[in-house]
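The structure appears right after this line, and notes come after that.
Chains as they are written, first to last, in this note's numbering: chain A, 820 to 1266; chain B, 820 to 1266.
Quick look at the structure:
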C-alpha cells in the first residue's frame, strides 16, 4: 500500500470487515475489555474520579451513558472522560509492552459511551475496539521511543487517535471524514509525563477518549482538518517526536494485529516486582505455607527491582508499591497482589510488618527482567525454592482467562454483588453474539 | 521574586488587585474585549461554527451561557469552545506581535461563559482578562520562537494557560489550586500549525478556552497535577520548545503588562497588505476618488507583499486575501478591507476586476514591513501620492477607539440591529462600572 500514513489508516478503518476478524483477535478484544471494565469499576470511587465528577457534573448534558460503577449518568462525552480516568487510576490496566501504551482505556471508554447512546452490536463493538487499538499502537510504534523519551505520556497522545478511529468507524465515517477525524485527533494530542504521580496521569486516557470521540463527531459534520495530521511537515509525528518510522504504521496493516501483543497486569504494582509476587503466591499454594511457620524469605532479583522498589519500611499504601519486601510478605499472607494489598491499612498491619522484616533481597545478574528466585526457610528447618522464568502476565506467560476473571472479580467485589460480577463476565465473553454492546454499561451500576 | 515560573504565576494571579490596575490597562482590556466580541459575532454564522454546533449540541448541558450572535444556549464549557472558535474564524482577531499569539480568544471566551454562569462585576472581569493575557503572553515570550518554529499554534498552546489563570482567578482559587490549574492546562496544551488552512485553526483557541476553563474547575475540586507544569523536567517548556527563557515569565511580573502591546487588525487579510489598504483608503477619503476616474494605481511594497500576496487574478474570496491587487482595488471602491471585501461575490464583481487590472506593484527594498507607497494616476492627468510609514493597526499607529467601534459595527451589521450594536459598544466601554459582566452575552443574540 503506497498511501501516506494518515490516509492508509483511514482506508484501513473504513474497509476492515468485522466478519473477517480472526477468532483469537475477537477473544483478545474480549480479554482487554474485561480487564478494562474491572480496572474502571475498581477505581470508580477513588478521589480522582469523584473530584473530576464534582468539578464537571454541573456541565453534564442529557443522560446518555454510564460512569462505570457509579450512579451518575452524563452525556456520552463526559462518560468517556470519566471511564478513561477510572480505567488508569490504579495503574492496573493493560500494557502494549512495545510502546508502554495502555491501549484499552482511550478506545473502550469512547466506544462504550457511544454504544450506550446508539445501539451497536457486540461484534461491531469488538471490531471497532480492535481497529482503535491497532491505530493507536501503530502510531505509537512509529514514534516510540523518541516520543516517550522527550516527555509525552504516550497513552494520552496515541490514545486519542485510537478513540477517534474506533468511534469514527462506529459512526460510519467516510474515508475522507476519517482522515479529518485523525487530523482533529492529532491537533488535540496531549499529556505530559511530568504529571506522573498526580491525578493528571489517569486524566490523560480520559482526555484521549473524550477528545477522540469528539474528533469523530466533528468529522461526521465535515469539520475539516489537515489531511496529513500524522505525517505533515508540522503534523503530529514531526512536532511531537525526535524520530519516526512510518513503515511501522503502514506495513502489514490489516494482516497483523497489535492487540495480540497486549498484556495484563496480575498485580497492582510496578511490573518489576511481578516475578517475586508470582513465585511467592505459587509457593504459598504448593506448600500450604503459614506465615507463622516462616523463618526467612530470601529473594534473588534483577537489579531494577532494588533500584526501583527497594523501600524496606513503607509507611503508606502507595509506598508499598515501591517495596519488594512488602510485596513478598503480603503475597505469602494473602496469596494476592491486588489493590487491597497496597492499602494504607495493609502496609501498617503488624502481621505484614513482621513477615516483611524476614524478607531479604540480593541482586542476581543472571536473571532477566521477568524472572526471580525465591527461597523460603521454615522454622522447622524445611526449605522451599521457586525459580520464576517468566512472570505471570508477561507475553511469554499470559494471564489465563480464569486469571482475568479472578482479577476482575477482586476489583469489582467492593462495589458489585456476586451475581452482577458473574453477569458482567458472562456478558463480555458472549459479547460477539450480543445484539447491543451498550447494555453492559448499566450492569456496572450498583443496586 | 525567586519563585519558579509556575509558582510565580500562581502567586501573581492570586494576589493581583483589581483596584490597582492602571487606567490604560483597564481601557486596553475593553478595547481587546470589544474587538473579540466583534470578531466572534461576525463569524457566528460561519460553517466552521455551525458544524461544530451540529456535532456537539447533542451533548450540551444545561443552558448557562451564550454562543455569541446565536440562539443556542449551551453549558458554559461548550459556550467557551464555540466563542473561541468564532473569535478566530475570520483571522481578524487581536495579535500580540512579539509572539503572534491572538490573546483575547482563549481568555475572553472562557471568562464570558463563566461570568454568565456566575455573577461577576465588570471590573473583576477586566482584571481577570488582563491576568489571563499576562499569563499566556509571558509563557509565550518564554518559549517563542522555538516553540512556534517547531510547529505549535501558540494561540492554542499558550492560550490554555491564559484561560485557566483567568477562570481560576474568578473562581477564587488558592495559590496551590492555581498551580494545579496551570498544570492541568499544561498537560492539555495542543494545536498544530499543520492545521492552518482548515477549520482546526480556529478550533485551537476554542479548545484553549474550554480546556483552560475546565482546568480551573478541576483544580477548584483539588484535582492535582505536577506543581511544575511549566518548568518541570518533562513539563510544558522542556517538551514543547527547543529553547526557553524563564526570566521572560518572572521578570517585572505585576509591573509591566503584555496587554499594552496588543494590536488589532483593521483589515481582514494578512498583515503585510495592511499598509497598501491603509494608504488607498486615506487617498480615497482625501481626494474623493471615484473608481471610474482612475487610470492607474502604482504600488511600491515590501518584498513580502509580492511573495505572500502576489495573486493577480483571484477567483474566490479566500484567494482575494492573498491578492494585493484585489485589496487595493476594493479599498478604493469600498473604502474598507473587512470580511465583506473578501467575499466570493466581491472578488468576481466586474467593477472590482476592472480596477484591479489597473493596479501594478513593484518591490521597494527601502520600505519596512508596515510601510508602503501608493501613486494614483487619474484619467484627467492628476497624480496623487501617499506614503504610509506605519500602517494603521501597528503598535506605532494603533487603531483608535473610534476605529475599533467601526470595525465592530461592520462585523456585527449582518447579524444585529443598530441599537443592539450601540448598546454593546456602550456596554463594553462602561464595563468597569457594570455590576454584572455576563449581561453583555445576551445582548449579542439576535431578536
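Positions of the beta carbon are idealized from the N, C-alpha and C atoms, including for glycine.
- DSSP places residue 965(B) in the uninterrupted alpha helix (DSSP H) bounded by 965-969.
- Short of 7 Å from the beta carbon of residue 1007(B), and not among the five residues preceding or following it, lie these beta carbons of its own chain, in chain order: 979, 1030 and 1034.
- In the DSSP annotation of this structure, the continuous segment of the alpha helix (DSSP H) that includes residue 986(A) starts and ends at 973-989.
- Counting only the Cα atoms, residue 1117(B) lies some 56 Å from residue 1028(A).
- With a cut-off of 8 Å on Cβ pairs, the region 956-970 of chain A is in contact with the region 919-926 of chain A, counting three or more such pairs.
- When C-beta distances to chain A are compared with 8 Å, every residue of the region 1219-1250 of chain B stays at or above that value.
- In this structure, residue 1191(B) lies away from residue 1103(B), with their beta-carbon atoms at least 8 Å apart.
- Against chain A, a Cβ distance below 7 Å from residue 1057(B) picks out 970.
- Within a 10 Å sphere around the beta-carbon of residue 1016(B) sit fewer than 16 other beta-carbons, which makes this residue exposed.
- Taking 8 Å as the upper bound for CB-CB distance, residue 1182(B) and residue 1122(B) are in contact here, some 5 Å apart.
- Under the DSSP assignment, residue 1231(B) falls in the alpha helix (DSSP H) whose first and last residues are 1220-1231.
- The shortest C-alpha to C-alpha distance from residue 1198(A) to any of 1255(A), 894(A), 1206(A) and 1110(A) is the one to 1110(A).
- By the rule that beta-carbons nearer than 8 Å mark a contact, residue 935(B) does not touch chain A.
- Using a Cβ-Cβ cut-off of 8 Å, residue 1160(A) does not count as an interface residue toward chain B, since no Cβ of chain B sits closer than that to its own.
- Look at the region 909-923 of chain A: it has no residue with a C-beta under 7 Å from a C-beta of chain B.
- Distance check between residue 1092(A) and each of 853(A), 1124(A) and 1013(A) places 1124(A) closest, using alpha-carbon atoms only.
- The beta-carbon of residue 1074(B) is placed no less than 8 Å from the nearest beta-carbon of chain A.
- At a beta-carbon threshold of 7 Å, the residues of chain B lying near residue 874(A) are 1036, 1037, 1039, 1040 and 1042, ordered along the chain.
- In the same chain as residue 938(A), and ignoring 5 residues on each side of it, the C-beta atoms closer than 6 Å to its own belong to 1255, in chain order.
- Within the same chain, and ignoring the five residues on either side of residue 1032(A) in sequence, the residues whose Cβ sits closer than 8 Å to its Cβ are 895, 896, 899, 929, 932, 933, 982, 983 and 986.
- Chain A places a beta carbon closer than 8 Å to that of residue 1006(B), counting this residue as a contact.
- The DSSP-derived three-state label of residue 1003(B) is helix.
- Per DSSP, the unbroken alpha helix (DSSP H) holding residue 849(B) starts and ends at 842-861.
- Note on geometry: alpha-carbon atoms of residue 825(B) and residue 1139(B) lie some 43 Å from one another.
- Within the region 970-997 of chain A, those residues whose Cβ lies closer than 9 Å to any Cβ of chain B are, in chain order, 970, 971, 972 and 975.
- Contact annotation for residue 1052(B) against chain A: 970 and 1013 [CB-CB distance below 8 Å, chain order].
- In the assembly as shown, residue 889(A) is a buried residue. Its beta-carbon has 16 or more other beta-carbons within 10 Å.
- Contact annotation: residue 1112(B) and residue 1049(B) have beta-carbon atoms that are not nearer than 8 Å.
- In this chain, the alpha helix (DSSP H) harbouring residue 1239(A) covers 1237-1248.
- Not a single C-beta of chain A is nearer than 8 Å to the C-beta of residue 1197(B).
- Going by C-alpha positions, residue 1047(B) is about 8 Å away from residue 1013(A).
- Within chain B, the residues placing a beta-carbon under 9 Å from that of residue 1047(A) are 1013, ordered along the chain.
- For residue 1120(B), DSSP records a beta bridge to 1182(B) and 1191(B).
- In the three-state reduction of the DSSP assignment, residue 1049(B) falls in the coil class, being assigned neither a helical nor a strand state.
- Per the C-alpha coordinates, the member of 1135(A), 1136(A), 1114(A) and 1143(A) positioned closest to residue 1127(A) is 1143(A).
- Take the alpha-carbon of residue 875(B) and the one of residue 1105(A): they are about 57 Å apart.
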